[in-house]
Structures are given as structure tokens and as C-alpha cells.
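Chemist: Take a look at the following structure, please.
Number of protein chains: 2
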Amino acid sequence: MLKKIPLFEENTFHESHFMKLLAHESPYFKIINFNFKAGQELPVHFHDIDGQLSIVILEGTGEFMGKDNSVIPAKPGDLLISDISEPHGVRAITDLRALVTIAPPI
Amino acid sequence: MLKKIPLFEENTFHESHFMKLLAHESPYFKIINFNFKAGQELPVHFHDIDGQLSIVILEGTGEFMGKDNSVIPAKPGDLLISDISEPHGVRAITDLRALVTIAPPI
Numbered sequence: 000m001l002k003k004i005p006l007f008e009e010n011t012f013h014e015s016h017f018m019k020l021l022a023h024e025s026p027y028f029k030i031i032n033f034n035f036k037a038g039q040e041l042p043v044h045f046h047d048i049d050g051q052l053s054i055v056i057l058e059g060t061g062e063f064m065g066k067d068n069s070v071i072p073a074k075p076g077d078l079l080i081s082d083i084s085e086p087h088g089v090r091a092i093t094d095l096r097a098l099v100t101i102a103p104p105i
Numbered sequence: 000m001l002k003k004i005p006l007f008e009e010n011t012f013h014e015s016h017f018m019k020l021l022a023h024e025s026p027y028f029k030i031i032n033f034n035f036k037a038g039q040e041l042p043v044h045f046h047d048i049d050g051q052l053s054i055v056i057l058e059g060t061g062e063f064m065g066k067d068n069s070v071i072p073a074k075p076g077d078l079l080i081s082d083i084s085e086p087h088g089v090r091a092i093t094d095l096r097a098l099v100t101i102a103p104p105i
């Protein structure tokens, strides 16, 4: 069966922390929508396991973050690919919606 | 290493057919950006194999299509989950950008 999740309606923003919506989880992948108010961030992190993740910006601007304080500008339609074991994070400059897909799911 | 693909810059639209950009392929997933001019579509199809796919609308409006001519409205931020073996397709009402993730990759 087809399942639709209208992310812009199902997830909101919060003034004091980012909002995380688990949109889907299966043996194949895990899909999470993060909403950040301007200035909020998902700090750089990594897990020492196999797999990759993608982050696509749905709305707003910000920065993808990597190791050694590296930053990559992020705007709508920008897609980031990272190994799960590679340091990665996201910071919002304006209010920002991002969709993260992790395969295999962790 | 982090890899960024700026989809809105790397993929365009074509008057006579949809445009398909293979953004990423790995043992974990395959990520494809489809751009449709208004009226173009990816017809309903399926493959009889294990796995799932997601489709998220990045820009524009249209419809997700399923079996028996079923349709589900599609707008920015709408995420569709489908088994690979389930009939699915996309039709554009306005010019539309969609991102498809397939796991495992096929």
C-alpha cells in the first residue's frame, strides 16, 4: 500500500529545540524529518557502523557540518551524502526543514 | 567524505520528457532526482523484488499514482513510501521536482 506523510503538516517548529518526526522505518531504511528554528542545530556526530545517510533540504537555508569545523552551505534542493561513520551535522540559518534517510536503518 | 549534490542547479527541465538525474548510488541506496514539466509523468510501474522506495516532493504540485488509477495529491514536503513491488508513479500538475530513494538499490 502507498503511504503518504505530509511532512509540512505533521511536523512543527519549537522555539527551544529542533523537532524530529520519525516518518518511516522499515528493514530497508529509516526516514526522519528534522525542523530547525533559525540558529538550532543537529550537532556533528557519527556512529561506527556500516551504511550511509542522505540529507535533503526541503525549506530554508543553513549549513551542513563536517569534521574539523568544516561547513558546506545548504539550501532547498541540496542533497548531502555521508557515511554513517563520517562526522556530519546540520545548522539552520533561517527556519529549516530537512529530510534524513538512513540505510540500513539504525 | 561528505558529498553535496545541489539538485536545483544540477538538473533541469525538458519540454518533451522528464529529466532524471542519478544523484547517488551505493550498496545502501540509490537516489534519483526527477524533474517534470507540467503534465509530464513517470507512469505507474513496479518490480517484483524486495525493498522500498520513498518519493519526496521538493517543488511544485502533482499527484502520486497507484494501482487501479488511484491518485494521491502531492505538494512540497509530501513523502510517499511504497514497496518496490507495489504499483507507483508520479504526475506533475505544475513543474515539479521529486527525489526518489530506493533501498536496496536496483
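Heads up: the sequence lines are chains A and B, in that order. Residue 0 is where the first sequence starts when you use numbering that gives the first Met the number 0, and the numbers rise one by one after that. Residue 0 is where the second sequence starts when you use numbering that gives the first Met the number 0, and the numbers rise one by one after that. For each residue, glycine too, the CB sits at the ideal point set by N, CA and C. Just so it is clear, the structure is predicted and the values come from calculations on it, not from any experiment.
1) What is the C-beta distance between B/Ile-101 and B/Leu-41, in whole angstroms, given that I count them as a contact (C-beta under 8 Å)?
2) Suppose contacts are defined by Cβ-Cβ distances below 8 Å. Is B/Ser-84 in contact with B/Ile-48 by that definition?
3) Would you kindly work out how many angstroms separate the C-alpha atoms of A/Ile-105 and B/Asn-34, rounded to a whole number?
4) Name the residues in the segment 23 to 52 of chain B whose C-beta lies less than 7 Å from a C-beta of chain A; which are they?
5) Could you check how far apart the C-beta atoms of A/Glu-62 and A/Arg-90 are, in whole angstroms? I think they sit under 8 Å.
6) Is there a C-beta anywhere in chain B that falls below 8 Å from the one on A/Ala-102?
7) Step through the CB atoms of chain B and report whether any lies within less than 8 Å of the CB of A/Asp-67.
8) Using 8 Å as the Cβ pair cut-off and three pairs as the minimum, do the segment 67 to 78 of chain A and the segment 12 to 26 of chain A touch?
9) For the alpha helix (DSSP H) containing A/Glu-9, list its first residue and its last residue.
10) Where A/His-44 and B/Gly-50 are concerned, what is the direct C-alpha to C-alpha distance, given to the nearest angstrom?
Modeler: A quick look at the data gives this:
1) About 13 Å separates the two Cβ atoms, so there is no contact after all.
2) yes
3) 30 Å
4) His-23, Ser-25, Tyr-27, Phe-28, Ile-30, Gly-50, Gln-51
5) 5 Å
6) yes
7) no
8) no
9) 6 to 9
10) 28 Å
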